[in-house]
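Asker: Let me begin by handing over the structure; questions about it come next.
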Amino acid sequence: MSLTGALTSAVSALSAQSQSIAMVSDNLANSSTYGYKTSYASFEELVTGSSSAGYSSGGVMVNARSDISKQGLLVSSTTATNLAISGSGFFVVSPSDSSKETYYTRNGAFAADSDGYLANDGYYLMGWRTDADGNVVGNESASTLTAVDTNIVTSTASATTSTSIQANLPADAAVGDTFTSDMSVYDSLGTAHSVQITWTKSATNTWTAAFGNPTLSSNTSATTGAVTSSPITVTFNSDGTLASTSPTPPTLSISGWTTSAADSTISLDLGTAGKADGLTQYSTGTTSPTVDVTSIKSNGMAYGTLTGVSIGNDGVVSASYSNGQTIAIYKIPVATFTNANGLQAMSGSVYASTQSSGDSTLHEAGTGGAGNVKGGELESSATDSSEEFSTMIAAQQAYSSSAQVITAVNKMFDTLLSAVR
Numbered sequence: 001m002s003l004t005g006a007l008t009s010a011v012s013a014l015s016a017q018s019q020s021i022a023m024v025s026d027n028l029a030n031s032s033t034y035g036y037k038t039s040y041a042s043f044e045e046l047v048t049g050s051s052s053a054g055y056s057s058g059g060v061m062v063n064a065r066s067d068i069s070k071q072g073l074l075v076s077s078t079t080a081t082n083l084a085i086s087g088s089g090f091f092v093v094s095p096s097d098s099s100k101e102t103y104y105t106r107n108g109a110f111a112a113d114s115d116g117y118l119a120n121d122g123y124y125l126m127g128w129r130t131d132a133d134g135n136v137v138g139n140e141s142a143s144t145l146t147a148v149d150t151n152i153v154t155s156t157a158s159a160t161t162s163t164s165i166q167a168n169l170p171a172d173a174a175v176g177d178t179f180t181s182d183m184s185v186y187d188s189l190g191t192a193h194s195v196q197i198t199w200t201k202s203a204t205n206t207w208t209a210a211f212g213n214p215t216l217s218s219n220t221s222a223t224t225g226a227v228t229s230s231p232i233t234v235t236f237n238s239d240g241t242l243a244s245t246s247p248t249p250p251t252l253s254i255s256g257w258t259t260s261a262a263d264s265t266i267s268l269d270l271g272t273a274g275k276a277d278g279l280t281q282y283s284t285g286t287t288s289p290t291v292d293v294t295s296i297k298s299n300g301m302a303y304g305t306l307t308g309v310s311i312g313n314d315g316v317v318s319a320s321y322s323n324g325q326t327i328a329i330y331k332i333p334v335a336t337f338t339n340a341n342g343l344q345a346m347s348g349s350v351y352a353s354t355q356s357s358g359d360s361t362l363h364e365a366g367t368g369g370a371g372n373v374k375g376g377e378l379e380s381s382a383t384d385s386s387e388e389f390s391t392m393i394a395a396q397q398a399y400s401s402s403a404q405v406i407t408a409v410n411k412m413f414d415t416l417l418s419a420v421r
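Under full-length UniProt numbering, residues 1 to 421 are what the sequence shown spells out, in order.
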C-alpha cells in the first residue's frame with residue numbers, strides 16, 4: 001500500500017504543478033491584455049490516515065487564486081474614450097445596450113461603435129445620464145444606469161441675446177466725424193449675420209451708435225433683416241469714462257429675417273457708468289483718429305456636429321461639437337466590492353459578482369473609497385514577467401522531482417515482481 005500511496009501522491013503533484021504552469025502560461029499570454037489580473041496556484045496538503053504503525057501519503061491539491069485588486073501600471077492612450085481607474089473599483093458594463101444585466105471590468109479600452117455607444121469587445125459601458133452641467137439626472141443607483149450613448153444629445157443652434165462692446169471712441173475726433181465697426185450675431189436658426197455699427201460724434205463728449213441692417217456673414221451684400229430699434233446716444237464724462245446711454249438699457253431689435261428665424265432682441269452691454277470697462281473716450285494723439293475696438297462679444301451659436309468625446313477624472317463624459325459647444329452627457333460610476341478577489345473571472349477581462357465578492361456598491365469617481373477615472377489612459381496587465389518565470393522554474397523543478405518519484409516507484413515495483421518470480 002505504501003508504494004501505491006507514493007505513486008498516487010506523485011501523480012497528484014504532477015497534476016498540481018501542471019495546473020500551476022497553466023496559470024503561468026495564461027499570465028504570460030495576457031501580459032499585453034489591458035486590465036488583466038494574474039492568477040496563481042495555491043497548494044494544499046492532502047492527508048490520509050497515518051499512525052505510529054505506518055505512514056500513508058496523501059499528496060497535494062491546488063486551487064486557483066486571483067489577485068484582482070492589484071493595481072496595474074497606467075499608460076497613456078491616443079483614444080480619448082479609453083479609460084483607466086487609479087485606485088479601487090471597476091467599470092460597470094453590460095452585454096447589450098438595452099440590458100440591465102451587469103458585469104465589471106478594469107479593461108477600459110472603450111470606443112464608440114457604429115451606433116455611438118461606448119463599447120469594448122461586446123460589452124457596453126454603463127453610466128448615469130446628466131444635465132448639461134454634469135449633474136446626475138435622478139438618483140445614483142444601479143437601476144438608473146444606461147449604456148453610454150455619445151449620440152444621446154445633439155447640438156442646438158441659439159440666437160444672440162446679448163453683446164458686450166469694449167472700444168475707445170477718439171476724443172480728438174471732430175464733431176460730425178463717423179467711424180464704422182462690425183459685430184456678429186446669430187439668428188434663432190443658427191445663421192451667422194454681420195451688423196455694421198456707425199459711430200458718429202454728435203457733440204463734445206457725445207456720440208451716436210446707429211446699426212445697419214444685418215447681412216449674411218458669408219455674403220455681406222445680401223441683406224437678411226431689418227433693424228427696428230433707434231440709434232443709441234452715448235455720453236462721456238470729462239475723464240473719458242462712460243456717463244450714460246439712451247435709451248437705457250440699450251438694445252438692438254431685428255425683425256423680418258429672410259432665413260425665417262424669429263425676431264431678435266439683443267441687449268447691449270456698453271460698460272458701467274464712471275468706469276473704463278466698456279466704451280471710453282480718450283484722445284488717440286494722431287492726425288487721423290480711429291475707433292479702437294478691443295472686443296465685441298456676442299453669445300449665440302450655429303448648429304454644430306459632434307467632433308469628439310472626452311472623459312474627465314470625475315467620470316463626466318462630455319461631447320464636443322463643431323460650433324465650440326461642450327455638453328456633459330453622462331457620469332461614469334465606479335463599482336467597489338467588499339471582497340474584489342472573490343469575483344468570478346470571465347473571458348474578456350470581465351468579472352461577475354459572487355456570494356464571496358458580495359454585491360457591488362456604486363460611487364462617483366474618487367468618493368467612498370472608489371478610485372479616480374482617468375480619461376485617455378489604460379491600465380496595463382498586472383503580469384510581472386520576472387515573477388512568472390520564477391514560478392515557472394519552481395513548478396518545473398517540482399514536476400521533474402515528482403516524475404522522478406514515479407520512476408523510483410516503478411523500479412521498486414519491478415524489484416518486487418522480480419522477487420516474486
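For each residue, glycine too, the CB sits at the ideal point set by N, CA and C.
Do residue 285 and residue 279 have their beta-carbon atoms positioned less than 9 Å apart in this structure?
Answerer: no
Asker: Any Cβ of chain C within less than 9 Å of the Cβ of residue 236?
Answerer: In the structure shown, chain C does not exist; there is a single protein chain.
Asker: Mapping DSSP to helix, strand and coil, what is residue 403?
Answerer: helix
Asker: I need the boundaries of the beta strand (DSSP E) containing residue 319, first residue and last residue.
Answerer: 316–321
Asker: Just how far apart, CA to CA, sit residue 108 and residue 101?
Answerer: CA-to-CA, the gap between residue 108 and residue 101 works out to about 18 Å.
Asker: Within this structure, are the beta carbons of residue 405 and residue 16 separated by less than 9 Å?
Answerer: no
Asker: Taking the DSSP output, what are the residues bridged to residue 44?
Answerer: 61
Asker: Compare the beta carbon distance of residue 188 and residue 157 with 9 Å and say whether it is the shorter of the two.
Answerer: Yes, the pair counts as a contact, with Cβ atoms nearer than the cut-off.
Asker: Could you tell me which residues DSSP pairs with residue 374 in its beta bridges?
Answerer: 84
Asker: If you follow the beta strand (DSSP E) that residue 364 is part of, which residue opens it and which one closes it?
Answerer: 361–364
Asker: Look at residue 19 and residue 64 and say whether their C-beta atoms are less than 9 Å apart.
Answerer: Their beta carbons are under 9 Å apart, which means residue 19 touches residue 64 by this criterion.
Asker: Can you tell me which of the three DSSP states residue 1 falls into?
Answerer: Low confidence applies to residue 1: its pLDDT is 47, below 50, so where it sits in the model is not reliable enough to give any reading.
Asker: Tell me which residue opens and which closes the beta strand (DSSP E) that residue 257 is part of.
Answerer: It is not in any beta strand (DSSP E) - residue 257 carries neither H nor E in the DSSP assignment.
Asker: If you check the beta carbons only, do residue 130 and residue 311 fall under 9 Å apart?
Answerer: no
Asker: Mapping the DSSP letters down to three states, classify residue 388 as helix, strand or coil.
Answerer: helix
Asker: Buried or exposed: where does residue 357 fall if 16 or more other Cβ atoms within 10 Å of its Cβ makes it buried?
Answerer: By the neighbour-count rule (16 or more Cβ atoms within 10 Å), residue 357 is buried.
Asker: Based on DSSP bridge pairs, tell me the residues matched to residue 210.
Answerer: 198
Asker: Using the Cα positions of residue 334 and residue 116, report the straight-line distance between them to the nearest angstrom.
Answerer: 22 Å
Asker: Using the Cα positions of residue 407 and residue 4, report the straight-line distance between them to the nearest angstrom.
Answerer: 13 Å
Asker: Output the boundary residues of the beta strand (DSSP E) element that contains residue 329.
Answerer: 326–331
Asker: Quick test of the definition: if touching needs 3 or more C-beta pairs under 8 Å, does the region 297–313 touch the region 154–169?
Answerer: yes
Asker: Along the chain, where does the beta strand (DSSP E) containing residue 123 start, and where does it finish?
Answerer: 123–129
Asker: Per DSSP, what kind of secondary structure is residue 148 in: helix, strand or coil?
Answerer: coil
Asker: Please name the residue in 91, 186, 292 whose C-alpha comes closest to that of residue 255.
Answerer: Per the Cα distances, 186.
Asker: For residue 315, tell me which candidate among 98, 204, 367 has the shortest Cα-Cα distance.
Answerer: 367
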